[in-house]
Amino acid sequence: MRGQNASKVVGLKNGRTRQFRSKQERRQIVEETLTPGASVALVARAHDVNANQVFKWRRQYKQGRLEADAATTLLPVKVSDVIATVRPTRRRKSTARKSGIIDVDLGHARVRIDGAADPDCVRATIEGLLR
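In my numbering, the protein residues as written are -19 to 111.
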């Protein structure tokens, strides 16, 4: 059964192979373990996965991290031959921002932000990485 459910099989330097499963496949395996009377060990063995890996996927499932990726939504666009003139708005005097470095290590990802950073942008970046 090896490789049958794998999204991607990668050859490693030591000659072994590693299987990478899609979120959908991991979710399906976890949901099998959640049925009444199911054994995590037996489900894992049936899919050729280590039981400890399935327990990790179960935690991710409970945290909502195995949700299917949202479909891309297209936005309506209007094409025009007329170029609209934009009047410059009155600028405020900018206050000097202190520049610095922000290092964030999330275990699976590391982010480094140099210089002045918009707090909303930093928040959105970190929230995106925590998913």
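We put the CB at the ideal spot given by N, CA and C, even for glycine. Everything numeric in this text was worked out from a predicted model, so none of it was measured.
Straight-line gap, Leu(-8) to Val62 (C-alpha atoms, nearest Å): So the two alpha carbons sit approximately 56 angstroms from each other.
Counting contacts by CB-CB distance shorter than 8 angstroms, is His88 in contact with chain B? This model lacks chain B altogether, as it is built from one protein chain only.
Name the DSSP beta bridge partners of Thr(-3), please? DSSP lists Gly(-9) as partners of Thr(-3).
Would DSSP call Arg92 helix, strand or coil? In the three-state reduction of the DSSP assignment, Arg92 falls in the strand class, which pools E and B.
For Val29 versus Thr13, is the C-beta distance shorter than 8 angstroms? No, they are not a contact pair.
Taking Arg1 as the reference, give the member of Val10, Lys(-12), Asn(-6) with the closest Cα. Ranking the options by Cα distance to Arg1, first place goes to Lys(-12).
Let's test the definition: count the other Cβ atoms within 10 Å of the Cβ of Arg6 and tell me whether it reaches 16, buried, or not, exposed. Classification of Arg6: buried, given that the 10 Å Cβ count is 16 or more.
Look at Tyr41 and Val20 and say whether their C-beta atoms are less than 8 angstroms apart. No. Outside cutoff.
Hey, how far is the Cα of Asp83 from the Cα of Pro99? Asp83 and Pro99: Cα-Cα distance of roughly 14 angstroms.
Can you tell me the Cα-Cα spacing of Gln(-1) and Arg67, whole angstroms? Inter-residue distance for Gln(-1) and Arg67 is about 56 angstroms (C-alpha atoms, whole angstroms).
Report yes if the CB atom of Ile81 is closer than 8 angstroms to the CB atom of Asp94, and no otherwise. The answer is yes: Cβ separation under 8 angstroms.
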